[in-house]
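First up is the structure itself, then whatever we jot down about it.
There are 2 protein chains.
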Amino acid sequence: MNKREFKDRVYGELAAVTKAMANPHRLEIIDLLAQGPFSVEQIAGYTGLSVANASQHLQTLRKARLVSVVRNGNFILYSLSDDDVFRTWVSLRELGTAFHAEIEKLVQNFREGTKAIDAQTMISLLEKDEVILIDVRPEEEYRRGHIHRALSMPVDRLPGELNNLPRDRQIVAYCRGPFCVYADEAVRLLLENGYQAVRLEEGYREWVLAGYPAQTA
Amino acid sequence: MNKREFKDRVYGELAAVTKAMANPHRLEIIDLLAQGPFSVEQIAGYTGLSVANASQHLQTLRKARLVSVVRNGNFILYSLSDDDVFRTWVSLRELGTAFHAEIEKLVQNFREGTKAIDAQTMISLLEKDEVILIDVRPEEEYRRGHIHRALSMPVDRLPGELNNLPRDRQIVAYCRGPFCVYADEAVRLLLENGYQAVRLEEGYREWVLAGYPAQTA
DNA sequence: TACCTATTCAATAAATCAATTGAATACTGA
DNA sequence: TCAGTATTCAATTGATTTATTGAATAGGTA
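Sequence order for the protein chains is F and U. Under the UniProt record's numbering, the first sequence has 89 at position 89, and the numbering climbs by one with no breaks. Under the UniProt record's numbering, the second sequence has 38 at position 38, and the numbering climbs by one with no breaks.
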């Protein structure tokens, strides 16, 4: 094997892996699977794809060995094959966000009228009991793992649970990550109903990746 | 803007950046530009592409803001727009290598018969003057930056410089990175001529990224 | 065994990407 | 100004990717 063949093979293999991530739907799927295993139906629901189309994209990720598969009766559960997949996604996300101000602008415009606090601030406020932390992801994800001392409060249940929340403390809401909108919805609802509410900048997986305390329930 | 539009826009932008990296030639170009600025002609030469094809690929990288451009008379010099581009490439490289054993096997087969040492080992041997370190990249790259105490010995000049190298010490050769073959060629030539020679596992950019001492000349 | 559910497969059409080609553009120096 | 050099542009052709569709497959339950 000569030098050119060697390089074409090596870069070709790595380009194939990169190509598997080079599609908006598949990036969204990777971002979702960072929260744990999901069935094809669930993935289709959260991403707005048909089941058949979601399955096709998942086969692409599978062939690139970016996801792994477990069958559970009628259901097939997909999850990321390793934390490194998430880390590479984070690297791409940060690279894109740093050089494409449109992305940051998109996110800021979408979040207009709401505020965020970072992990360090949240930790110290929580220790002083100055805030309540709510996890507004679906319950299933909360049970799989959540930030230490967070209360489960799925966003679609929040309207009926408002009276169970204190008005004298700030409420911090978090969800899946920087592009997840559950926390935005929750903060908006809380603000409209006279609560003090902010979003946590980090999502659950970023929290875990940074080594902050988490627990399962 | 509703939730679905927001997500489609954000993941779409990030997929566009990822797509710019999802081609073997463009990955090779990124790997090369990690060594510094190069003209289109040079890039075409090192990658085996036509100038027109190299230019097209560079326009793709430019539109994704992964490279930056400086004109120097008749020449246009391309370089990586930031270290983060290199870091993301490293992340992709490691992800691909970890899950696709074919890649590691390719590299090992190509390097059959040669040995490597890592940075830590090299540092301690160099301090004890037990090894000679040679940079076998083209001189231009050596001058832009090289490992502290390395001698410039471009691989195409090595045959004529053999007699200037000591036979009583091991020679450590390095080049651009894990997929660069200059160091392999040098080690093979040295071994065939009765020298003790090994390859340094890290290339120049990995060395710098790890914070080890480098210098310019 | 039959029916139901979840998922995958394979084919198709449309969209996108990649390599090539030759003309156009920008710069340099006599 | 002209000729030479380096690069880009735009068009074309062929290759690859994506979404859709309906049939096929795998598992569960009565």
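Virtual Cβ for every residue (Gly too), placed ideally from N, Cα, C.
Annotation for Ser91 (chain U): no beta strand (DSSP E) segment contains it, though the alpha helix (DSSP H) segment containing it runs 83 to 99. Per the C-alpha coordinates, the member of F:Val17, F:Pro24, F:Val131, F:Thr18 positioned closest to Phe6 (chain U) is F:Pro24.
With respect to the 7 Å criterion, Pro138 (chain U) and Pro154 (chain U) are classified as neighbours on the basis of their beta carbons. Within the same chain, and ignoring the five residues on either side of Ser50 (chain F) in sequence, the residues whose Cβ sits closer than 8 Å to its Cβ are Ala44. Pro159 (chain U) is classed as exposed because its beta carbon has fewer than 16 other beta carbons within 10 Å across all chains shown. Contacts between Gly12 (chain U) and chain F, judged by CB atoms closer than 7 Å, involve Pro24 in chain order. Of the candidates F:Gly211, F:Arg199, F:Leu77, the residue whose Cα lies closest to the Cα of Met122 (chain F) is F:Arg199.
Beta-bridge annotation (DSSP): Ile171 (chain U) is paired with U:Ile132, U:Ala197. For Arg71 (chain F), the uninterrupted beta strand (DSSP E) run begins and ends at 67 to 72, by DSSP. In this structure, the CA atom of Gly177 (chain U) is about 12 Å from the CA atom of Asp118 (chain U). As the crow flies, the alpha-carbon of Leu191 (chain U) is around 56 Å from that of Glu201 (chain F). Counting the other CB atoms within 10 Å of its CB gives Phe75 (chain F) a total below 16, which places it among the exposed residues. DSSP places Leu165 (chain F) outside any beta strand (DSSP E), giving it a letter other than H or E. At a Cβ-Cβ threshold of 7 Å, Ser81 (chain F) and Leu66 (chain F) count as neighbours. Contacts between Asp84 (chain U) and chain F, judged by CB atoms closer than 9 Å, involve Ser91, Glu94, Leu95, Ala98, Phe99 in chain order. From the listed residues U:Tyr212, U:Gly48, U:Ser68, U:Asp156, the smallest Cα separation to Glu185 (chain U) is found for U:Asp156. For the pair His146 (chain U) and Val85 (chain U), the Cα-to-Cα distance works out to about 20 Å. Residue state for Gln215 (chain F) is assigned as strand, using DSSP reduced to three classes. Residue environment: Gln215 (chain F) is assigned as exposed (fewer than 16 neighbouring CB atoms within 10 Å of its CB, all protein chains considered).
Boundaries of the beta strand (DSSP E) around Leu77 (chain U): 75 to 80.
By the neighbour-count criterion, in which a residue is buried when 16 or more other Cβ atoms sit within 10 angstroms of its Cβ, Gly203 (chain F) is buried.
Per the Cβ contact rule, the region 17 to 33 of chain F is in contact with the region 11 to 30 of chain U (3 or more Cβ pairs under 8 Å). By the neighbour-count definition (other C-beta atoms within 10 Å, threshold 16), Asp31 (chain U) is a buried residue. Exposure of Val70 (chain U) is indicated by the presence of fewer than 16 other C-beta atoms within 10 angstroms of its C-beta. Using a 10 angstroms sphere on the CB of Ala52 (chain U), the tally of other CB atoms stays under 16, which defines it as exposed. When secondary structure is reduced to three states using DSSP, Leu151 (chain F) falls in the strand class. Distances from the CA of Val136 (chain U) to each of U:Val172, U:Trp207, U:Asn72, U:Ala64 were compared; the closest alpha carbon is that of U:Val172. Leu162 (chain F) sits away from Ala150 (chain F), with the two beta carbons spaced by 7 Å or more. The CB of Thr88 (chain F) comes closer than 7 Å to the CB of Ser91, Leu92, Leu95 in chain U, given here in chain order. Burial state of Arg4 (chain U) is exposed, judged by a 10 Å Cβ sphere holding fewer than 16 other Cβ atoms. The secondary-structure analysis by DSSP pairs Ala54 (chain F) with nothing; it has no beta-bridge partner. In its chain, beyond the 5 residues on either side, Ile103 have a beta carbon closer than 8 Å to the beta carbon of Gly96 (chain U).
Neighbours of Ser81 (chain U) in chain F, taken as residues at a C-beta separation under 8 Å, are given in chain order as Phe99. Per DSSP, the continuous alpha helix (DSSP H) segment holding Met122 (chain U) begins and ends at 119 to 127.
In the three-state DSSP reduction, Ala116 (chain F) falls in the strand class (E or B).
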